[in-house]
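Chemist:
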Amino acid sequence: MIVDICAYFGKWPYWPVDTCTPSAVVEELDRCGIDRAAVVSTRGLFVGWDEGNQETEQAICRSPQRLLGFACLGPLELSHTLHGHEIDFDNLQARGFRGVRLYPQHHTYHPLYEPFVGHVLEDAAARQWPVLLPLRVIMNWGLPQLSLDWIVALVERHPRVPWILSGINYFHELQAAASLMQRFSSVHLETSSVQGFNAITKLVDQCGAGNLLLGTGLPLQNGAANLQKVLRAKISDAAREQILETNACRILRIEGGQ
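Once you know that position 204 of the sequence shown is 641 in my numbering, the rest is easy, because the numbers rise by one and skip nothing.
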């Protein structure tokens with residue numbers, strides 16, 4: 438089984454993307470040879486994160502064997518339904534979500550000083566829910582970018598959280614991610630934005646394969662190309678299996694295909 442830890446569905450405001458419905462994303466997974474993908478609705482990034490979660494919940498209910506849900510969380514002030522309440526992890530779990538994604542650069546808050554972030558990360562650490570934190574949503578220099586120093590500071594402040602670093606490209610970004618993985622066993626890196634000659638091979642040589650996860654960013658990025666980046670890497674078959682399946686099944690608590 439091949440599991441993509443970082444995919445999307447929904448409207449994309451920056452340029453036309455034909456594959457936008459959950460069913461179209463499942464068809465794209467078939468074309469790429471990917472069995473399952475962890476998704477969020479792009480509505481959660483740009484309009485309302487709570488409404489986006491409702492769309493994600495509907496998508497994973499319709500395709501439970503193919504799509505895995507991450508809850509996109511933001512400040513309660515940006516929610517039309519939850520303002521004045523607290524984020525309820527028990528409710529999220531009951532709705533089928535398996536992890537959390539934070540997008541400070543799109544929800545316009547500072548992750549080191551916004552109070553809800555600390556509460557979310559404490560709950561995630563207690564439950565061992567993965568938290569995906571992107572430097573950028575996909576590899577495009579024109580998109581809003583989070584400060585790399587903020588990411589490092591958040592990981593250091595909350596080392597028990599099962600982190601998934603996302604949108605990491607190359608040079609100092611990749612070295613910062615590798616350093617965090619070497620310091621904290623809780624830190625993982627998804628591969629959707631990783632570039633550079635033999636980058637996957639070098640990461641495995643430097644950090645091992647135990648905390649690397651396949652990510653494609655599809656349909657906003659080319660899913661097949663991102664998969665080939667791992668399939669063609671000069672690494673052992675055991676390391677490749679960890680990146681494509683084993684690590685994701687562990688962090689998402691997938692047992693027996695469920």
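For every residue, glycine included, the Cβ atom is placed at its ideal position computed from N, Cα and C.
Predicted model, so just to flag it, every value in this text is computed and none were measured.
#1: Assuming Pro571 is part of the alpha helix (DSSP H), what are its boundary residues?
#2: Rounded to the nearest angstrom, what separates Thr653 and Pro552 at their Cα positions?
#3: Ignoring anything shorter than 4 residues or poking outside the segment 488–561, list the alpha helix (DSSP H) runs there in chain order.
#4: Any idea if Cys498 is buried or exposed, counting beta-carbon neighbours within 10 angstroms, 16 or more meaning buried?
#5: Look at Leu572 and Gln582 and say whether their C-beta atoms are less than 8 Å apart.
#6: Since Ala670 and Gln643 should fall inside the 8 Å C-beta cutoff, what is the C-beta to C-beta distance between them, to a whole number of angstroms?
#7: What is the rounded straight-line gap between the Cα of Pro501 and the Cα of His544?
#8: Starting from His475, trace the alpha helix (DSSP H) both ways and give me its first and last residue.
#9: Does Cys457 come out as helix, strand or coil in the three-state DSSP assignment?
#10: Could you give the DSSP three-state label for Leu626: helix, strand or coil?
#11: Measuring CB to CB, does Pro599 end up less than 8 Å from Ser623?
#12: Looking at Leu640 and Leu649, is the spacing between their C-beta atoms short of 8 Å?
#13: Can you have a look at Trp452 and say buried or exposed, based on whether 16 or more other CB atoms are within 10 angstroms of its CB?
#14: Within 10 angstroms of the Cβ of Phe608, are there 16 or more other Cβ atoms? Answer buried if so, exposed if not.
#15: Just mark Ala531 as buried or exposed, buried being the case when its beta carbon has 16 or more other beta carbons within 10 Å.
#16: From the DSSP secondary-structure annotation, give me the bridge partner or partners of Ala444.
#17: State the start and end residues of the unbroken alpha helix (DSSP H) segment that holds Ile637.
Modeler: According to the data block:
#1: Pro571 -> not in any alpha helix (DSSP H); beta strand (DSSP E) instead, spanning 568–571.
#2: 31 Å
#3: 526–531, 541–544
#4: exposed
#5: yes
#6: Not really, about 13 Å apart at Cβ, beyond 8 Å.
#7: 28 Å
#8: It is Ala, not His, that sits at residue 475 in the sequence shown. Note, Ala475: premise wrong, no alpha helix (DSSP H); beta strand (DSSP E) at 473–478.
#9: coil
#10: strand
#11: yes
#12: yes
#13: exposed
#14: exposed
#15: exposed
#16: Val476
#17: 636–644
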